[in-house]
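Going by my numbering, the letters in the sequence shown line up with residues 3 to 511, in that order. We put the CB at the ideal spot given by N, CA and C, even for glycine.
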Amino acid sequence: MKKGQVYDAVVERVDFPNRGVARTEEGTVIVKNSLPGQKIKLGVNKVRSGKAEGRLLEVIEKSPLETGNPCSHFGVCGGCTYLSLPYQEQLRIKNEQMMRLMCGALEGRQAPWRWEGIKGSPEAYEYRNKMEFSFGDERKDGPLSLGMHKRGSFYDVVTVEDCRIVDGDYRLILRAVRDYFAGQGADFYHKMSHEGYLRHLLVRKAARTGEILAALVTTSQDFRRQEGADSAAWGGKASAQQAQCLDGAADIARTERQLLEGFLQLLLGLQERKLLKGHFAGIIHIVNDSQADTVQSDRTEVLYGREYFYEELLGLKFKISTFSFFQTNSHGAEVLYETVREYVGDLGSGPDRKPDKVVFDLYSGTGTIAQMMAPVARRVIGVEIVEEAVEAARKNAVENGLDNCEFIAGDVLKVLDSIEERPDIIILDPPRDGVHPKALPKIIHYGVPKIIYISCKPTSLARDLEVFLARGYQVEKAVAVDQFPWTANCEMVCLLSKINMQHRYGSEA
3 MKKGQVYDAV VERVDFPNRG VARTEEGTVI VKNSLPGQKI KLGVNKVRSG
53 KAEGRLLEVI EKSPLETGNP CSHFGVCGGC TYLSLPYQEQ LRIKNEQMMR
103 LMCGALEGRQ APWRWEGIKG SPEAYEYRNK MEFSFGDERK DGPLSLGMHK
153 RGSFYDVVTV EDCRIVDGDY RLILRAVRDY FAGQGADFYH KMSHEGYLRH
203 LLVRKAARTG EILAALVTTS QDFRRQEGAD SAAWGGKASA QQAQCLDGAA
253 DIARTERQLL EGFLQLLLGL QERKLLKGHF AGIIHIVNDS QADTVQSDRT
303 EVLYGREYFY EELLGLKFKI STFSFFQTNS HGAEVLYETV REYVGDLGSG
353 PDRKPDKVVF DLYSGTGTIA QMMAPVARRV IGVEIVEEAV EAARKNAVEN
403 GLDNCEFIAG DVLKVLDSIE ERPDIIILDP PRDGVHPKAL PKIIHYGVPK
453 IIYISCKPTS LARDLEVFLA RGYQVEKAVA VDQFPWTANC EMVCLLSKIN
503 MQHRYGSEA
C-alpha cells in the first residue's frame with residue numbers, strides 16, 4: 003500500500019473518535035467521516051509503520067444503516083457525523099466504541115469491572131445551548147456566510163440556516179444577522195491577511211428559562227469592504243430582502259456606532275415582533291484583535307441587558323456569563339450529573355447524622371457538580387483555572403443558598419499544594435486533554451477511596467487510567483453518556499476505587 007494510491011473499500015467499523023476502519027484488497031486504512039457498512043473510494047495520504055491513513059473521496063454506496071433524516075447541510079458542514087443514522091443506531095455505535103476503548107485500556111491490568119452501556123440524550127435534536135458561528139465565505143470572494151466551517155476546511159464557512167442541533171431561535175438569529183451585515187457591506191476577518199471586521203456570533207440560550215445571550219465578535223478595524231451595501235452578497239436583491247428580513251434596520255451605516263445600533267435594533271425587533279420563543283437577557287459587542295481563531299475579549303460592551311443569563315438544572319439555578327464553561331446540552335447535563343450522584347453513592351454521616359465528608363471538585367467550571375454535591379457533603383471545594391467561571395460559581399452558590407461550597411481560582415497542579423484540608427472523595431471533570439500529568443500524582447497521593455472521573459474525551463481518560471492503575475486504583479464501573487447527538491463525541495463517567503479500601507464506605511458496585 004503506497005501513499006497517493008486510490009482504493010475502493012468497505013467500512014467495517016468506526017473507532018473513537020471518528021476513525022473509520024476501511025478494508026481494501028491490500029489491507030486496512032483509517033478514514034475519517036465514514037460510516038459502518040459504506041462502500042467508499044479513498045485516497046491514501048499517510049503510511050507509517052505498516053499502518054495507513056486515508057481521505058474519503060467518495061461514498062460509492064450508502065450503508066444499510068443510513069435510514070435517518072439528515073439536514074440539508076449534512077456532509078458539507080463539519081459539525082455532524084452520524085445524522086444519516088437513526089438515533090438508536092448512533093447510540094449502538096458509540097456504545098461499542100466506548101466499550102472497546104475501555105477494554106483496550108484495562109485488558110490484563112486489573113480484576114473484572116462493569117461496563118454499564120450508554121445513556122442517550124433526552125433530546126436528540128435542538129439540544130445545544132451554545133453555538134459559536136463564524137463569519138466568512140463559502141467560496142473565495144463569495145457572498146458573506148455565517149455558520150460552521152466546511153468539513154475539512156479551515157477557511158470556507160457554510161451558513162447553516164437549517165441546522166438540526168439548535169432550535170429555531172438560533173436559526174432565525176443566524177439568518178437575520180448574516181443578511182443584515184451582508185446588506186451593510188461589512189467585511190469578515192480574513193485569517194491569512196489578518197484584515198477585516200466580522201469574526202464570530204456567539205449565541206447561548208437556556209433550555210429551562212429561555213434566556214438568550216448574543217455576542218457579536220469583531221476586530222477594531224473598519225467594517226467596510228467597500229462604500230455602501232454589497233449588493234453581490236444579496237444576489238442582486240438587497241432592497242427586498244432587507245425589507246423582509248430586517249424590518250428597516252438595514253439602512254446603510256456610515257460609522258461603526260450606527261452599524262452596531264442597527265445590529266441591536268435587528269435583534270430586539272425579532273423579540274418585539276414575537277418571532278423568538280426565548281427572550282434576550284443580553285446583547286453584547288466583543289472586540290478581539292488576536293490573530294488566533296478563538297472567541298476571546300480585548301474589550302466588551304453591553305449593548306442591551308446584561309452579559310450573563312440564567313439556566314436551571316436539577317432544581318438549582320446557575321448564572322452563566324459569556325465565556326463560562328457550561329455543559330452544551332442542558333437536558334443531557336441532568337442525565338450526566340445524576341449519573342455522577344449515583345456513582346458517588348452514600349457518603350455516610352457523622353455521629354450527629356450530619357454530612358461529615360469533604361469533596362474535591364477539580365476543574366469545577368461554574369460549580370455545577372460542586373453544588374449538586376453540597377447537600378450530601380460537609381464541605382465541597384472546587385478548583386478552576388478560569389477566574390470568571392469561579393466568580394460565577396461563588397455567586398451561584400449564594401443564590402442557591404449553599405454555604406458549604408468554596409471555589410478557588412487557579413491551576414489544579416498548583417492549588418492542591420495550598421489546600422490544607424484533605425478530601426474524602428474526588429470528582430474530576432478535566433478539559434479535553436485530561437488531567438495534567440504532573441497533577442495526577444498529587445491527586446492520587448490523597449489516597450481517597452473513590453474518584454469519579456468525567457471525561458469529554460474518553461481517549462484522554464484511557465491514557466490517564468494507566469497512571470491510576472499503576473498507583474493502586476482500579477475501575478469498578480463506567481458508563482457512556484451521549485451529550486452530543488449526531489457528532490462523533492461522547493462523554494464517559496468512570497468510578498475508580500482504591501484497592502482494599504472499599505470497606506470505608508461499603509461497595510455500591
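- Message: Measuring only the C-alpha atoms, how far is M3 from Q99?
- Response: Position 1 of the sequence shown, counted from the start, is the residue given in the question as residue 3. Position 97 of the sequence shown, counted from the start, is the residue given in the question as residue 99. Near 27 Å, if we compare the C-alpha coordinates of Q99 and M3.
- Quick one, which of T489, L498, I501 and E493 has its alpha-carbon nearest S86's? Position 84 of the sequence shown, counting from 1, holds the residue named residue 86. Cα-wise, what sits closest to S86 is T489.
- Query: With which residues is I32 paired in a DSSP beta bridge?
  - Reply: As a working mapping, residue 32 is identified with position 30 in the sequence shown. DSSP, once it has assigned bridges, lists V23 and E55 as partnering I32.
- Query: Since V495 contacts V483 with CB under 8 Å, what's their CB separation in whole angstroms?
  - Reply: By one-based count along the sequence shown, residue 495 stands at place 493. By one-based count along the sequence shown, residue 483 stands at place 481. That belief holds up - the Cβ atoms of V495 and V483 are roughly 6 Å apart, short of 8 Å.
- Item | Close beta carbons around K397, own chain, < 8 Å, minus the five adjacent residues each side | Residue numbering aside, residue 397 sits at position 395 when the sequence shown is read from its first letter. Excluding sequence neighbours, K397 sits near K321.
- Task: Would you kindly report the start and end of the unbroken alpha helix (DSSP H) that includes R94?
- Result: Along the sequence shown, one-based indexing puts residue 94 at 92. Taken as a continuous stretch (DSSP letters only), the alpha helix (DSSP H) holding R94 covers Y89 to L108.
- Query: On the three-state DSSP scale, how would you describe V179?
  - Reply: Here the question's residue 179 lines up with position 177 in the sequence shown. Note: V179 maps to helix in three-state DSSP.
- Message: By DSSP's criteria, I383 is part of a beta bridge. Which residues make up the other side?
- Response: By one-based count along the sequence shown, residue 383 stands at place 381. Beta-bridge pairing links I383 to F362 and E408.
- Task: In the DSSP assignment, find the alpha helix (DSSP H) that holds N402 and state where it starts and stops.
- Result: In the sequence shown, residue 402 corresponds to position 400, counting from 1. No alpha helix (DSSP H) holds N402; DSSP gives it neither H nor E.
- Message: Going by beta-carbon coordinates alone, are T368 and F328 separated by less than 8 Å?
- Response: Reading the sequence shown from its first residue, position 366 is the one you call residue 368. Reading the sequence shown from its first residue, position 326 is the one you call residue 328. Cβ distance < 8 Å, so T368 and F328 count as in contact.
- As assigned by DSSP and simplified to three states, the class of E2: There is simply no residue 2 to check, as the chain begins at 3 and stops at 511 in what is shown.
- heavy atom of the ligand PLP below 7 Å from T161 C-beta: Summarising the ligand content, the structure contains no ligands, and the ligand PLP is consequently not present.
- Identify the continuous alpha helix (DSSP H) that holds D10 and give its terminal residues. Walking along the sequence shown from the start, residue 10 turns up at place 8. No alpha helix (DSSP H) contains D10, which is instead part of the beta strand (DSSP E) from V8 to D17.
- Taking 8 Å as the cut-off, decide whether the C-beta atoms of R173 and Y127 are in contact. What you label residue 173 is simply residue 171 of the sequence shown in a count that begins at 1. What you label residue 127 is simply residue 125 of the sequence shown in a count that begins at 1. Not in contact: R173 and Y127 (Cβ atoms no closer than 8 Å).
- Message: Which same chain residues end up closer than 6 Å to Q40 when comparing Cβ atoms and leaving out the 5 residues on each side of it in sequence?
- Response: Taking the sequence shown and counting its residues from 1, the one referred to as residue 40 is at position 38. Excluding sequence neighbours, Q40 sits near V13, V61 and S65.
- By DSSP, does Q273 sit in helix, in strand, or in coil? Numbered from 1 along the sequence shown, position 271 holds the residue referred to as residue 273. Looking at Q273 - three-state DSSP - the assignment turns out to be helix.
- Task: Check Y199 in the structure and name its three-state DSSP category.
- Result: Residue mapping note: residue 199 aligns to position 197 of the sequence shown, counting from 1. Note: Y199 maps to coil in three-state DSSP.
- Euclidean distance between Cα positions of F225 and D189: Within the sequence shown, residue 225 is the residue found at index 223, counting from 1. Within the sequence shown, residue 189 is the residue found at index 187, counting from 1. Between F225 and D189, the alpha-carbon positions lie close to 6 Å from each other.
- Starting from D139, trace the beta strand (DSSP E) both ways and give me its first and last residue. On the sequence shown, residue 139 is found 137 positions in, with the first residue counted as 1. Looking at the DSSP string, the run of the beta strand (DSSP E) that includes D139 is K132 to D139.
- Message: Counting C-beta neighbours from all protein chains within 10 Å, is the total for D295 16 or more, i.e. buried, or is it exposed?
- Response: Translated into the one-based positions of the sequence shown, residue 295 becomes position 293. By the neighbour-count rule (16 or more Cβ atoms within 10 Å), D295 is not buried but exposed.
- Query: From which residue to which residue does the alpha helix (DSSP H) around K444 run?
  - Reply: For this step, residue 444 is matched to residue 442 along the sequence shown. A441 to H447 is the extent of the alpha helix (DSSP H) around K444.
- Give the single residue among Y345, V346 and V360 whose Cα lies nearest to the Cα of G352. To locate residue 352, count along the sequence shown from 1; it is residue 350. For G352, the nearest C-alpha among the options comes from V360.
- Of the residues E422, D405 and V392, which one's Cα is nearest the Cα of D413? On the sequence shown, position 411 is the one that residue 413 refers to. If we check each option's Cα against that of D413, V392 comes out closest.
- Around the C-beta of S457, are 16 or more other C-beta atoms found within 10 angstroms, so that it is buried, or is it exposed? In the sequence shown, counting from the first residue as 1, residue 457 sits at position 455. So S457 ends up on the buried side.
- Drop a sphere of 10 angstroms on the beta-carbon of D435, count the other beta-carbons inside from all chains shown, and report buried for 16 or more, exposed for fewer. Residue numbering aside, residue 435 sits at position 433 when the sequence shown is read from its first letter. Flag for D435 reads exposed.
- Message: Using DSSP's beta-bridge definition, name the partner residues of S147.
- Response: Sequence index remark: in the sequence shown, residue 147 carries index 145 (1-based). Answer is G138.
- Query: Which of the three DSSP states, helix, strand or coil, is assigned to I421?
  - Reply: Sequence index remark: in the sequence shown, residue 421 carries index 419 (1-based). Correct three-state label for I421: coil.
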